[in-house]
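Please read the structure below before turning to the comments.
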Amino acid sequence: MMFWRSVVGKLWVTILLLVSVVLLILTILLLQYFERFHTERAEDELLSHASLMGSVIEEEETQQRVISMANTISSTYGTEAVIILNAEDYWYSDSIFSGGQLPLSLFYEDDILSRVFDEQESIATEGHYLFESIGEEQTEELLIVGTPVQFPEGEIGAVFLYQPLDVVEEATSQTTNIILLSAAIAIILTTVFAFFLTTRITAPLRKMRRASLEVAKGNFDTKVPILTNDEIGLLGIAFNRMARALNTNLNALNQEKEQLSRILSSMADGVITLDRDGGVMVTNPPANEFIGAWLYDQGYDIEESGQLPEELEKLFEKVVSQEKEQMGEVDVQGRSWVILMTPLYDQNHVRGAVAVMRDMTEERLHDKLRKDFIANVSHELRTPISMLQGYSEAIIDDVAGSDEEKKELAQIIYDESLRMGRLVNELLDLARIEAGHIQLNIESVNMTEFSERIFRKFTGVAKENDVDLISEIAASDAEAYVDPDRIEQVMTNLVDNAIRYTSVNGSVTIRLEELINGFKLEIEDSGAGIPEEDLPFVFERFYKADKARTRGRAGTGLGLAIVKNIVEAHKGRVSAHSKIGEGTTFSVFLPFGEADDDMVE
C-alpha cells in the first residue's frame, strides 16, 4: 500500500496507464486496418485471377486450358473456380477443400452474385454459403469474387472464384499476434523505463523527506545533496536555504523567548497572558503568588484548580467585548493589587489579553502612614500650642491675680514647651535613624550591670505609680558591643511605657537572658494589653495603646518606632506579644557584636 501511495508508484502507474491506453487504441486501429488490408488484398488477387481467366475464355474458349488454369490458381492460392458460360454450360475446377462445390443456382439467385449477369460488373462479397457435399449440406464463410465474360455471340457468362476466409483470418491472426507481441514488449519496456525514471526523479525527493524529518527534529544542519541543475536541484537549493533560514529564525526566536522569560521572571509586577477562552497561557512568579493567594483565600486546591479571581474574569470579559484596555483592583489576603488588562489582537480580532498586576499594598500603606503622620503631628502639636496660646493670653489679660497663679501658668507654659521640644527632637532623631545617619558609639558593655542600673533607675518611678518592679536579671560575665546611650534609650522607653500603662498594684518585670549568640531583654507588664488588630502596628510612628489619651503622662507615640530603629541598627530585632487583660511583653535581642568603633550607618 505504501508503494501505491508513493510518488514512484503514482508516476509509474500514470506512465504505464498512459502508454497502455495509447497502445490499446493503436492496436485496435492497426488490427482493423490490417483486417481490411488482407481482405481487400485477397479480393484484388481473386479479381485479377478471375479477369485473367475471363480473358482466356473470351479468346480461346478452350475448356481444358481454362480448367487447367483454374486448377493451378486453386492449388496455388487455395481457391475454387466456377466458370459459367450460360445456364446450361458451366465448368467447375477440382475441389480442393472439404466444403465442396457451391450450387450453380446460387450464382443466379443471390442478390449480389447475380449482378454479374444483370449489370455485367465485377463483384466481391463475403458471407456464409451452403455447399453441396456428398451425403450432407454445410455452410462456410467464403470470399467470392466474380467477373463477367462476354462471348463473341453476345452471350454473357461469368467467372467466379471463391475461397474460405480462413486464409484471410490466418494472415490477420498472424498480424494480430505480431501487433500484440509488439505491444507487450512496449509495455514491458515502458514499465522498466518508467520505474527507472520515477526512481531517479524521486530519489532526491526521498532525500529531501529524510532531511525534512531531521529538520523537524531540530537538526537544522542537515543538507540535501545537489546532484542536478533541474527543477529538483533548484528545489534542493531552496530546501537548504530554508533550513538555514529556519535555524537563524529559531535561534532568534529562542533568544527572544529567553529574554522575555528573563524579563517576566525579574519583573516585580505580576503578568498573566490569557487566550481567547480566558485560559492562562503564561505567568511569572508574582502572578503565581497572586493566583495562589487567591485560591488559598477561596479554599481551592492550588495545584488542581485552574480558576481565576472573579474580578479578573470580569475584566477579561470587558476587554473581549469592548476591545479596549480595562483597569481594576483586587484585595487578596490583606494585600491590594491593581490590575491593568490590555487586549491582544490577531489581525482584526481579539485573540486574548495580557494582565499586569501591581502590588500596591506598600504604596497604600505609605499613603496611610503619611496621612496618619500628618494627622498625628498636627494633633500632637495642636494641644501644646493651644495651651501655650491660652495660658499666654491669661497672663496677658491678668486673669491670674496672684504671683502664685502666674507662676503656675508659667510652669504649664514651660512644661508644654518642653513637650513640644521633646516631640520635635524625637521626630528629628527618628528621621535621622530611618535615613541611616545614626551614629553608634560602640563600647564593650556588661549587660547584667547595665540592666541592674536601669532597674534601679525606675524603682522610684514604679513606687510613685504603685507598680511593683521585678528584676529577673541573670548574672553573666559576657559583654556585648553596643552603644550604651542608645540601648539605655531603648530600655528607658520600654520600661517607662510599661509602668505608665500598668494599672495600680500591677507589676513590671525586667528580664535578661544570655543566649548562644547574644542577649535577650524582656520587659513584661501586667497591664490591659494591646488589641490583636493593633499589635502589628505598635512600632509605627505615633502609635499609642491609649488611643483616648486619658493618661496624664501620655507620650508622643514615637518611642517604639525609635526603639525598633535603634535595635535594628545594632543588627538585633524587637518584637511584641500581648493579650487583652493579661499584659504585654516586649522582647529585644542584641547580638554580642564585635569590637569595632566604625559601626556608623
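Residue numbering for the sequence shown follows this note's numbering, beginning at 932 and increasing consecutively. The C-beta atom is built at its ideal place from N, Cα and C for all residues, glycine as well.
T1103 places its beta carbon 8 Å or farther from that of I1075. Of S1382, D1416 and G1077, the smallest CA-CA separation from Y1093 is found for G1077. M1318 is the residue among D1329, M1318 and D1334 whose C-alpha sits nearest the C-alpha of I1343. Taking a contact as a CB-CB distance under 8 Å, the pair V1269 and R1289 counts as one, their CB atoms being some 5 Å apart.
Counting along the chain, the unbroken alpha helix (DSSP H) around I1132 starts and ends at D1097 to A1147. Here the alpha carbon of I1110 sits roughly 47 Å from the alpha carbon of F1170. DSSP, reduced to helix, strand and coil, places E1471 outside both helices and strands of the structure shown, so it counts as coil. In the displayed model, P1034 falls within coil according to three-state DSSP, outside both helix and strand.
Judged by DSSP secondary structure, S1375 falls outside any alpha helix (DSSP H) and instead within the beta strand (DSSP E) spanning E1374 to N1377. If you ignore the 5 residues before and after V1099, its C-beta comes within less than 7 Å of the C-beta of H969, T970, A973 and L1074, all in its own chain and listed in chain order. DSSP places D1206 in the strand class (E or B) of the three-state scheme. Residue environment: E1339 is assigned as exposed (fewer than 16 neighbouring CB atoms within 10 Å of its CB, all protein chains considered). Relative to L960, the option among T1107, V1047 and P1095 whose CA is nearest is T1107. Spatial neighbours of K1510 in its own chain (CB-CB distance under 6 Å, excluding positions within 5 residues in sequence) are listed in chain order as G1460.
The alpha-carbon separation between D1228 and K1255 amounts to approximately 30 Å. The residue from Q1081, A1115 and S1143 with its alpha-carbon nearest to that of T958 is A1115.
Close CB contacts of E1410 within its chain, under the 8 Å cut and outside five residues either way in sequence, are with S1375, V1376, N1377, M1378 and F1523 (chain order).
The shortest CA-to-CA distance from F1450 to any of D1456, R1442 and S1457 is the one to R1442. Y1276 has its alpha-carbon roughly 37 Å from the corresponding atom of L1296.
Take the alpha-carbon of N1448 and the one of D1465: they are about 31 Å apart. The residues T1440, I1441, R1442 and L1443, in chain order, have a CB closer than 8 Å to that of E1403 in the same chain once the five nearest residues on each side in sequence are set aside. Counted as a single uninterrupted DSSP element, the beta strand (DSSP E) harbouring T1273 occupies residues R1266 to D1277.
Nearest to A1325 by C-alpha distance, out of L1312, P1315 and A1341, is A1341.
L1191 sits exposed, since fewer than 16 C-beta atoms from the chains shown fall within 10 Å of its C-beta. Residue range S1438 to E1445 is occupied by the beta strand (DSSP E) that includes T1440, with no alpha helix (DSSP H) assigned at that position. If the five residues before and after S951 are omitted, its C-beta is found closer than 7 Å to the C-beta atoms of I1118, all from its own chain and listed in chain order. According to the DSSP assignment, A1284 belongs to the beta strand (DSSP E) that extends over H1280 to D1290. An exposed status is given to R1137, since fewer than 16 other beta-carbon atoms sit within 10 Å of its beta-carbon.
For N1178, same chain residues with a beta-carbon under 8 Å away, outside a window of 5 residues either side, are F1151 and D1152 in chain order. Per DSSP, G1391 lies in no beta strand (DSSP E); the unbroken alpha helix (DSSP H) holding it starts and ends at T1390 to E1395.
Between F1124 and the set L942, V1469 and P1415, the nearest pair of CA atoms involves L942. Per DSSP, the unbroken alpha helix (DSSP H) holding P1216 starts and ends at P1216 to Q1229. R1131 and A1183 have their C-alpha atoms some 38 Å from each other. Using a 10 angstroms sphere on the CB of R1175, the tally of other CB atoms stays under 16, which defines it as exposed.
Under the DSSP assignment, T1179 falls in the alpha helix (DSSP H) whose first and last residues are E1162 to S1197. The beta carbons of A1284 and T1273 sit about 6 Å from each other, so the pair counts as a contact at 8 Å.
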